[in-house]
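Each protein sequence line maps, in turn, to chains A and G.
The opening position of the first sequence corresponds to residue 1 in my numbering, with each subsequent residue numbered one higher.
The opening position of the second sequence corresponds to residue 298 in my numbering, with each subsequent residue numbered one higher.
Note that the Cβ used here is the ideal one computed from N, Cα and C, for glycine as well.
A short write-up of the structure that comes next.
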Amino acid sequence: MKLDNIYKEEKKSAFAKLLEIIITMASRPSGLIGLSILVFHIILAFISPYIAPHDFKAIDPTLMLQAPSAEYWFGTDDLGRDVFTRTILGGRTALTITFFGSLIALLWGGLLGIFCGLVGGKIDDVVMRIVDAFLSIPWILAMLLIVSLLGTSTEVLIPALGFFYGKGIVRVARAATHDVIAKDFIVSARARGHSNFSIIWNEIIPNVRDAILVEGAMRWSWMLLGFSSLSFLGFGVSPPTPDWGLMISNARGLMSFAYWAVIAPIVGLSSLIIGINLTADAFAKALGIDRSTKAPV
Amino acid sequence: MIFLIIKRILLGFITLFIVSIITFVGTEVLPGDACTTYLERQAFGEQLEACYRRLGLNIPAYERYVSWALNAIQGDFGYSLSGEMPIKDVLGPRIKNSLVLASAAIFIGIPIALILGIITALWRDKLPDVAISTVTIFAMTIPEFISATLLILIIAIWLEWLPGIVIVPTDVSFLELLPNIILPVVAIAMIMTAHMARMVRSSVIQVMASEYVQMAILKGVPYWKMVFKHVLPNALLPAINVVALTIAWLLGGVVVTEVVFNYPGLGRLVIESISNRDLPTVQALAIILASIYVSINLLADLLTLMLNPRLKTLQIRK
């Protein structure tokens, strides 16, 4: 009878599990706020091209730097473009690039970390030295170098971000693997003669998945921060594509008399990053993983 | 103990060695070399040849690496491409300016972070904690360029209290620099303080839940005596490492902050040298920033090792 129950617990569909986690996350106020901000931004990213009231690249010198009005809700920028239109469109590129970038980071960082944790020895030593070395080069220097030599197209940005934000995941995945590796079920899998691949796939991944996913969610917000910093510095999205980092950097010089052009993208970007952060925290708590003592590496 | 310290220092040097190889190979493998990226469209014939000869790019890569690395150890990074002056002369005043900025932020940040962290931990989930924690979470999640821009907008433009951007030459004296650095210091200290306060908070909370603190409470030790004698010494030790990592992590953020305030430090040099496609300077910067990261971490490790008697005996037994 009892065994039967355990079996049913295991058979719960992935969707039901996900729903359960989301409900747990939303039961805390901070998680609920984070989730709603994130969902709002994702929906906005999908529908904004259809609801935007003006053309985001329509330049009109007669409308330069107008204060917010009924026609232009958030005013206009230095080229007479509608700030509201550009603000609601401004998160799409950043969200897409960083989402796929995080996926790549999760994949290579997670798999390499698990592999190193499992095999140990010389290979592990060498890989961890290299990861340490990459960690000690400031991400911004490396990213700027890559972007300035290879250009700022999406095909460059996604793998580059994915690579540089994945090296931290290697460490987390390796540490998580070390925690499971000594357990009895790994030993018995080895005794049964399973290959390394089979042990990774069937025994380790199901046990370290949560820790790696939480780390990936956190990386997503850092990557978004890094990506918008690149745009802000002029090394990210190229104009006239609407992007929050780029909009802030353009409007900054004129903010003494046109503060609306800088406030709107600031609210957009800050709320998205805070939303992802709160969601990642709630996600970690819902899965029972304590991140409070982790350093931001 | 001594063996352990030597081992840590050696590991640091190995890391730096790998960093030097990565930066060298990176600039080698990525398309274009220092001359073609610098000369751009004029990169052909006589001019390209002259540039190659000047930088010694016509000799094999590994020989160049060896000579570059040997010179770099002695602090000689060769010549920058655009200014045609020795890179170490370019770096000198920049390092000084960044050091002023960073140390001011650290000296202001650490005490405030300690006080805030301890308050939020002792009054956990009460009003002081909720209020301070909300502010710190905001401060640490919002990108550096946004908080810096908001500071300029509010303090410099709306209130007109302080100058918004720094307009001083690179080799300015310390006293002239002082009134200009208040806003950049606040911008950096704010983020750093928020990070450290969160770490101190969780560390104190962990120690408060430990058995020896429970024991002290049961013995009837007065609350504040317990906090100062039993909790804080044990809680602040693990925080050292985390604080070091936070400082090192902020190296990237300082780049952005310096650009926002137009501050003549290492960070702006990063942007300038990359915009000018000055690869020799970029290589030198990568090594220097990595050395700062490695030495801060090393220092923190040694500090915890020296301050923690338990770790000492543990390592000897091993």
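Query                                                                                                                          : Result
DSSP three-state assignment for residue 76 of chain A, whether helix, strand or coil                                           : strand
Runs of alpha helix (DSSP H) lying entirely within the region 130-190 of chain A, each at least 4 residues, in chain order     : 139-150, 154-181
Extent of the continuous alpha helix (DSSP H) run through residue 84 of chain A                                                : 83-89
The region 88-99 of chain A contacting the region 237-254 of chain A, beta-carbon criterion three pairs below 8 Å              : yes
Partners in chain G for residue 277 of chain A, counting only beta-carbon separations shorter than 8 Å                         : 434, 438
Cα-Cα separation between residue 17 of chain A and residue 303 of chain G, rounded to whole angstroms                          : 50 Å
First through last residue of the alpha helix (DSSP H) which encompasses residue 580 of chain G                                : 576-604
Residue 506 of chain G classed as buried or exposed, judged by whether at least 16 other C-beta atoms fall within 10 angstroms : exposed
Nearest-angstrom Cα separation, counted from residue 67 of chain A out to residue 105 of chain A                               : 42 Å
Three-way DSSP call (helix, strand, coil) for residue 440 of chain G in this model                                             : coil
Segment limits, alpha helix (DSSP H) that includes residue 394 of chain G                                                      : 384-419
Stretch-stretch touch, CB-based, cutoff 8 Å, three pairs: the region 387-405 of chain G with the region 445-462 of chain G     : no
Closer than 9 Å at the beta carbon, the chain G residues around residue 259 of chain A                                         : 450, 454, 455
Nearest-angstrom Cβ-Cβ length linking residue 176 of chain A and residue 147 of chain A, presumed shorter than 8 Å             : Rounded, the Cβ-Cβ distance is 32 Å, inconsistent with contact.
Under the three-state DSSP convention, the category residue 54 of chain A falls into                                           : coil
Where residue 175 of chain A meets chain G, residues with beta-carbon distance less than 8 Å                                   : Result: empty, since nearest Cβ-Cβ is about 15 Å, beyond 8 Å.
Residue from A:77, A:14, A:26, A:29 with nearest C-alpha to residue 254 of chain A                                             : A:77
The alpha helix (DSSP H) enclosing residue 281 of chain A, as first and last residue numbers                                   : 260-286
C-beta atoms of residue 181 of chain A and residue 37 of chain A nearer than 8 Å                                               : no
Three-pair Cβ contact test at 8 Å for the region 559-571 of chain G versus the region 133-146 of chain A                       : yes
Under 8 Å between C-beta atoms of residue 475 of chain G and residue 452 of chain G                                            : no
Where the region 563-590 of chain G meets chain A: residues whose CB sits under 8 Å from a CB there                            : 567, 568, 571, 572, 574, 579, 582, 583, 586, 587, 590
Contacting residues, own chain, Cβ-Cβ under 6 Å from residue 131 of chain A (five flanking each side not counted)              : 167, 170
Unbroken stretches of the alpha helix (DSSP H), 4 residues or longer, contained in the region 498-550 of chain G               : 508-516, 520-523
Buried versus exposed call for residue 13 of chain A [16 or more other C-beta atoms within 10 Å across all chains shown]       : exposed
Beta-carbon spacing of residue 441 of chain G, residue 405 of chain G below 8 Å                                                : no
Within chain G, the residues that residue 252 of chain A reaches when beta carbons sit closer than 7 Å                         : 446
Cutoff 8 Å: residue 132 of chain A Cβ touching any chain G Cβ                                                                  : yes
Residue-chain proximity (residue 490 of chain G, chain A), Cβ-Cβ < 8 Å                                                         : no
Any chain G beta carbon closer than 8 Å to residue 197 of chain A                                                              : no
Residue range of the alpha helix (DSSP H) that includes residue 569 of chain G                                                 : 563-572
Residue range of the unbroken alpha helix (DSSP H) whose run includes residue 20 of chain A                                    : 14-26
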